[in-house]
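Step one of this worksheet: look at the structure below.
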Amino acid sequence: DQQVKQNSPSLSVQEGRISILNCDYTNSMFDYFLWYKKYPAEGPTFLISISSIKDKNEDGRFTVFLNKSAKHLSLHIVPSQPGDSAVYFCAASPRNTGNQFYFGTGTSLTVIP
Amino acid sequence: SAVISQKPSRDICQRGTSLTIQCQVDSQVTMMFWYRQQPGQSLTLIATANQGSEATYESGFVIDKFPISRPNLTFSTLTVSNMSPEDSSIYLCSVEWTGYQETQYFGPGTRLLVL
Numbered sequence: 002d003q004q005v006k007q008n009s010p011s012l013s014v015q016e017g018r019i020s021i022l023n024c025d026y027t028n029s030m031f032d033y034f035l036w037y038k039k040y041p042a043e044g045p046t047f048l049i050s051i052s053s054i055k056d057k058n059e060d061g062r063f064t065v066f067l068n069k070s071a072k073h074l075s076l077h078i079v080p081s082q083p084g085d086s087a088v089y090f091c092a093a094s095p096r097n098t099g100n101q102f103y104f105g106t107g108t109s110l111t112v113i114p
Numbered sequence: 007s008a009v010i011s012q013k014p015s016r017d018i019c020q021r022g023t024s025l026t027i028q029c030q031v032d033s034q035v036t037m038m039f040w041y042r043q044q045p046g047q048s049l050t051l052i053a054t055a056n057q058g059s060e061a062t063y064e065s066g067f068v069i070d071k072f073p074i075s076r077p078n079l080t081f082s083t084l085t086v087s088n089m090s091p092e093d094s095s096i097y098l099c100s101v102e103w104t105g106y107q108e109t110q111y112f113g114p115g116t117r118l119l120v121l
């Protein structure tokens, strides 16, 4: 059973515009969330995280929003750049009960120059 | 951050054989993890490896199929035993990092194709 879902397998955005990647989860025990970026033939690279005590965390061009009541998080990239083209994975963890990360299936972002 | 390397980066193996994947970290870490990413799927945790203790396997994964070693704080191996085509995947190791933001850092992965 997929506890973390990314329903959009792909997304195309014009350079300079905003990219919004979405992620939904089902387990109410999840209290820590992360976004990773993955280029072909490389391992996932950590981007940004958010704890359930917050609803927003910002790091440069990347902002993660968490809506606990909807069990939904999103990653905003502003402005989008061609180098942002990659597969983005969201992950969730029941941090207080273990260190396991549950990953979504990924969204492939293409930023068009 | 941690820098992680894996060997081999890719391999093509015959059915029924075994392959051992090595994971090396440039700093000492307590917890290391092994993941599998099958084509079109998410990353799935195989097991957690702590130095000096037996690895803890997730549901659906067993030690006989995926034996793991963790001889010290910078190194681990995962063996894929008695391989079948269904084992064709990317295998990734990661390490827990509790710096400014708690996360896991991943190695580049090992692409395995079983014929």
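Those sequence lines, one after another, are chains A and B.
Count along the first sequence starting at 1, add 1, and that's the number in our numbering.
Count along the second sequence starting at 1, add 6, and that's the number in our numbering.
Virtual Cβ for every residue (Gly too), placed ideally from N, Cα, C.
Please read all numbers here as calculations on a predicted model, not as lab measurements.
Asked                                                                                                                         : Found
Interface residues of chain A around B:S95 at Cβ under 7 Å?                                                                   : Those do not exist, as B:S95 stays about 14 Å from chain A at its closest Cβ, beyond 7 Å.
Can you tell me whether A:R18 is buried or exposed, with buried defined as 16 or more other CB within 10 angstroms of its CB? : exposed
So which residues on chain A does B:Q57 lean against when the C-beta distance must stay under 9 Å?                            : Near B:Q57 there are no residues of chain A at all, since even the closest Cβ is about 15 Å away, more than 9 Å.
For a contact meaning CB atoms closer than 7 Å, what does B:Y111 contact in chain A?                                          : F47
Given a limit of 7 Å on CB to CB distance, which residues of the stretch 23-50 of chain B reach chain A?                      : M37, Q47, S48, L49
State the start and end residues of the unbroken beta strand (DSSP E) segment that holds B:N78.                               : 74-78
Taking A:F34 as the reference, give the member of A:G61, A:K57, A:A42, A:R62 with the closest Cα.                             : A:K57
Beta strand (DSSP E) containing B:A61: first to last residue?                                                                 : First-last for B:A61: undefined, no H or E at that position.
If you follow the beta strand (DSSP E) that A:D60 is in, where does it begin and where does it stop?                          : 57-60
Assign A:R96 to one of three DSSP states: helix, strand, or coil.                                                             : helix
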